[in-house]
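Taking it in order: structure first as structure tokens, then the write-up.
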Ligand code: MSP
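In my numbering, the protein residues as written are 18 to 528.
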């Protein structure tokens, strides 16, 4: 059968230092959505990778006294390892130093040249190496004797050199038309407004090549120019689909992308430059760009230069990957900035995972072991209370699909954990331990209903805490092909014949 397709990407990361929480956050968001869409029956292509060219990387390698390519190889490997540590389900990992990417960038460049959107001139203005971005005079302020960008706070330097320009100015009107006719192209809406305001002021042509350094992809037919690292980097989304081979299966199946997940600091590149390049090259535009907020620590952006970093790898070693994934998605409303702290992480692990979902599974499975030969009982009659418990979740499926499609991940998680809370309450109120003595049939229907509910909650938790939710589904012998959204609304699917698998404590409480 021809499955519906879904293409989702993370930003590709600068391998200029080791990965931090901000990187982990972008990647986990994309992974949760990728996993959910697979559960919904889509064939998903999920891409991540590293952005390895440009002056920022070249200088970082020089600082470390390393050959630039070797420096990139080492750090890119760290990001690749991170995909394993974060349990990402990415289908591909692209590096901009790969041949397939060169081919793709060169082709895009030639298309832009051919359409008449590129011309040679001289660039005079401010450049931030840290952001790899050009800034206008009115975007610069002076602080402690240095010029910095108002937007990012990073240092800028004056650049004057021959440069190719992309005629960005001529695309402003068509960009505004596109934002207007596709109100969900940039989300959340506040980010869309920001971009619209910026474009309405008019756009200047964009310098898209540099001559003062060498680490990058040379301009075809004028090798002293290096293609601007953002034009290079953005093209990764196409390179991974075998572009310029537009007849390849990957390209035909997955372009245009359904969703680019990015941080709000790189909105301008994705929401203005990228669609303008694509329009000029006569290629379809991605369907959505979602700009998430920042992970803050002590109300400030977590970053190397501020020294307020919570290291994701330390946290995973101490608390577990599912715990970190759950916490980041639950705690931060996607789109807004969110403060994270160890204290809140611990509270979240204890309240939601250990005392709520973990405890629900633990107590139900122990009860079955003690009282029902470690099997799920058979039953045919359900009371209104039983039906009320299971049907609430079932009736919510369309709403849950919608929450994921609107990238409302923390509302989604709150809903799912509420089903678990309700299930604990139902277990207490139904008192199966008393029914054991008075009404065994009724006890059976209570137990059946609650295990069905555990199954469905676990399916809904698979995208967020895949390791733990899969373990629970293993315990109750749910087959791999049943671990999909469409199974939730099927009735009487539980396996009565097989004994439950071995139960281990999933979420240890933390002090
Ligand atoms: N290389 C570019 C992206 C190119 S995409 C074609 C880049 N790389 S980055 O490594 O600096 O950042 C990658 C992502 O991490 C961005 O989406 C950025 O927003 C995110 N984060 C970095 N620090 C962050 C926080 N403190 N909080 C949340 N995310 C932030 O930009």
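Here a beta-carbon is modelled for each residue, glycine too, at the ideal position from N, C-alpha and C.
- For the 8 Å CB-CB criterion, residue 410 and residue 436 form a contact.
- Look at residue 466: its beta carbon is at least 7 Å from all of the heavy atoms in the ligand MSP.
- For residue 418, the enclosing alpha helix (DSSP H) stretches over residues 414 to 422.
- With a cutoff of 7 Å, residue 29 counts as near the ligand MSP, since its C-beta is closer than that to a heavy atom of the ligand.
- By the criterion of a C-beta distance shorter than 7 Å, residue 361 is surrounded in its chain by 348, once the five residues flanking it on both sides are discounted.
- Comparing C-alpha distances from residue 183 to each of 100, 158 and 222 shows the shortest one belongs to 222.
- Residue 412 counts as exposed, since fewer than 16 other beta carbons sit within 10 angstroms of its beta carbon.
- Three or more Cβ pairs closer than 8 Å define a contact, and the segment 121 to 133 falls short of that threshold against the segment 104 to 112.
- Here residue 424 is buried: its Cβ has 16 or more other Cβ atoms, across all protein chains shown, within 10 Å.
- Between the segment 300 to 309 and the segment 272 to 288 there are three or more C-beta pairs closer than 8 Å, enough to call the two in contact.
- 253 is the residue among 253, 220 and 158 whose C-alpha sits nearest the C-alpha of residue 124.
- Secondary structure of residue 59 (DSSP, three-state): coil.
- C-alpha of residue 521 to C-alpha of residue 64: approximately 34 Å in a straight line.
- If the five residues before and after residue 477 are omitted, its C-beta is found closer than 6 Å to the C-beta atoms of 433, all from its own chain and listed in chain order.
- The C-beta distance from residue 118 to residue 246 rounds to 12 Å, too long to meet the 8 Å contact threshold.
- The segment 45 to 55 makes no contact with the segment 200 to 219, as fewer than three CB pairs between them are under 8 Å.
- Per the C-alpha coordinates, the member of 294, 481, 303 and 269 positioned closest to residue 25 is 303.
- Taking C-beta separations shorter than 6 Å and ignoring five residues to either side along the sequence, the partners of residue 447 in its chain run 463, following chain order.
- Counting only residues of its own chain and dropping the five nearest sequence neighbours on each side, residue 128 has a CB closer than 7 Å to the CB of 298.
- For residue 242 against residue 231, the beta-carbon gap comes to about 10 Å, at or over 8 Å, which does not count as contact.
- For the pair residue 326 and residue 500, the Cα-to-Cα distance works out to about 36 Å.
- Residue 225: not part of any alpha helix (DSSP H); DSSP gives it neither H nor E.
- The straight-line gap separating the alpha-carbon atoms of residue 78 and residue 30 is approximately 16 Å.
- In this structure, residue 293 sits near residue 185, with a CB-CB distance shorter than 8 Å.
- For residue 94, the enclosing alpha helix (DSSP H) begins and ends at 85 to 102.
- In terms of Cα proximity to residue 62, the closest of 386, 233 and 271 is 271.
- For residue 175, the uninterrupted beta strand (DSSP E) run begins and ends at 174 to 183, by DSSP.
- Among the bridge pairs identified by DSSP, residue 24 is matched with 62.
- Boundaries for residue 242: no alpha helix (DSSP H) harbours it, while the beta strand (DSSP E) harbouring it runs 239 to 244, taken from the DSSP string.
- Residue 144 is positioned such that its CB atom lies closer than 8 Å to that of residue 173.
- In the DSSP assignment, residue 137 falls within the beta strand (DSSP E) that extends over 135 to 145.
- Looking from the CA of residue 76, the closest CA among 44, 50 and 149 belongs to 149.
- By the CB criterion at 8 Å, residue 465 and residue 396 fall inside the cutoff.
- The Cβ atoms of residue 27 and residue 41 do not sit closer than 8 Å to each other.
- The DSSP-derived three-state label of residue 452 is helix.
- According to DSSP, residue 112 shares a beta bridge with 67.
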